[in-house]
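In the UniProt record's numbering, the protein residues as written are 1 to 159. For each residue, glycine too, the CB sits at the ideal point set by N, CA and C.
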Amino acid sequence: MSERHLTPATVQPGGCAAHGTPRGLTRRTLLATSGAGAGALVLAACAGTSGESADQVTQASDDAPLVAVADVPVGGAVSVRTAQGAPLLVTQPADGEIHVFGAICPHQGCTVLPDDAQLRCPCHASLFALTDGAVLEGPSPEPLPEVEVEVVDGQVRLP
Numbered sequence: 001m002s003e004r005h006l007t008p009a010t011v012q013p014g015g016c017a018a019h020g021t022p023r024g025l026t027r028r029t030l031l032a033t034s035g036a037g038a039g040a041l042v043l044a045a046c047a048g049t050s051g052e053s054a055d056q057v058t059q060a061s062d063d064a065p066l067v068a069v070a071d072v073p074v075g076g077a078v079s080v081r082t083a084q085g086a087p088l089l090v091t092q093p094a095d096g097e098i099h100v101f102g103a104i105c106p107h108q109g110c111t112v113l114p115d116d117a118q119l120r121c122p123c124h125a126s127l128f129a130l131t132d133g134a135v136l137e138g139p140s141p142e143p144l145p146e147v148e149v150e151v152v153d154g155q156v157r158l159p
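Take a look at the structure:
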């Protein structure tokens with residue numbers, strides 16, 4: 001049986017000559033670095049984002065209407081903002097039936113967007129109904145809050 005002798009030249013502090021671990025990379029360093037990286041990924045996944053682009057949102061001035069009824073697709077919705085910047089969703093589930101909902105998802109505060117015949121949170125995929133903001137699917141614990149509006153001369157306005 002041959003005996004293996006390591007000379008001081010082959011053993012480096014913090015490394016393992018037998019396994020080829022690079023100098024300075026200890027098990028503790030590897031685990032700490034991996035743990036920090038995993039933690040950063042978890043935080044990034046949970047962080048809220050608005051999930052909307054500027055070309056999808058119409059902003060109303062103080063006295064201006066939110067949107068014209070003609071600009072809201074039947075069976076769909078559009079994103080708008082109040083003069084103060086609050087995001088809203090204007091829906092028209094049936095011809096002439098207008099509803100407005102706050103666009104902040106009750107789950108984690110992401111901005112909900114129109115998505116075909118429903119409203120979708122881009123962060124965690126909650127789906128909401130066009131008619132009453134009810135949760136259709138996903139982790140949201142509550143429906144979207146309905147906002148009182150009036151329709152005057154084909155324009156959707158805050159009262």
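Measuring CA to CA, which of the options is closest to residue i?
{"i": "A134", "options": "E148, P122, V149 and Q118", "result": "Q118"}
{"i": "L144", "options": "V67, P106 and S79", "result": "P106"}
{"i": "D132", "options": "A70, D153 and A77", "result": "A77"}
{"i": "I98", "options": "L136, L130 and D63", "result": "L130"}
{"i": "D95", "options": "D116, A70 and A83", "result": "A70"}
{"i": "P141", "options": "D116, P159 and C121", "result": "C121"}
Can you pull the DSSP bridge partners for residue i?
{"i": "G76", "result": "Q92"}
{"i": "G102", "result": "L88"}
{"i": "A68", "result": "Q155"}
{"i": "Q118", "result": "D115"}
{"i": "E137", "result": "L127"}
{"i": "residue 177", "result": "Outside the modelled stretch of the chain, which goes from 1 to 159, sits residue 177, for which no answer is possible."}
{"i": "E97", "result": "A94"}
Would you mind stating whether residue i and residue j have Cβ atoms separated by less than 8 Å?
{"i": "V147", "j": "G75", "result": "no"}
{"i": "S126", "j": "P114", "result": "no"}
Excluding five sequence neighbours on each side, which residues of the same chain lie with their C-beta closer than 6 Å to the C-beta of residue i?
{"i": "P87", "result": "R81, A103 and T111"}
{"i": "P93", "result": "L130 and T131"}
{"i": "V152", "result": "none"}
Using C-beta distances below 7 Å, list every residue in its chain close to residue i, excluding the 5 sequence neighbours before and after it, in chain order.
{"i": "V90", "result": "L66, V67, V72, A77, V78, V80, I98, V100 and V156"}
{"i": "F128", "result": "V112, Q118, L119, A134, V135, L136, P143 and L144"}
Among residues of its own chain, excluding the 5 on either side of residue i, which ones have a beta-carbon nearer than 8 Å to its beta-carbon?
{"i": "P159", "result": "E148, V149 and E150"}
{"i": "G154", "result": "A68, V69 and A70"}
{"i": "D116", "result": "G76"}
{"i": "A64", "result": "A83"}
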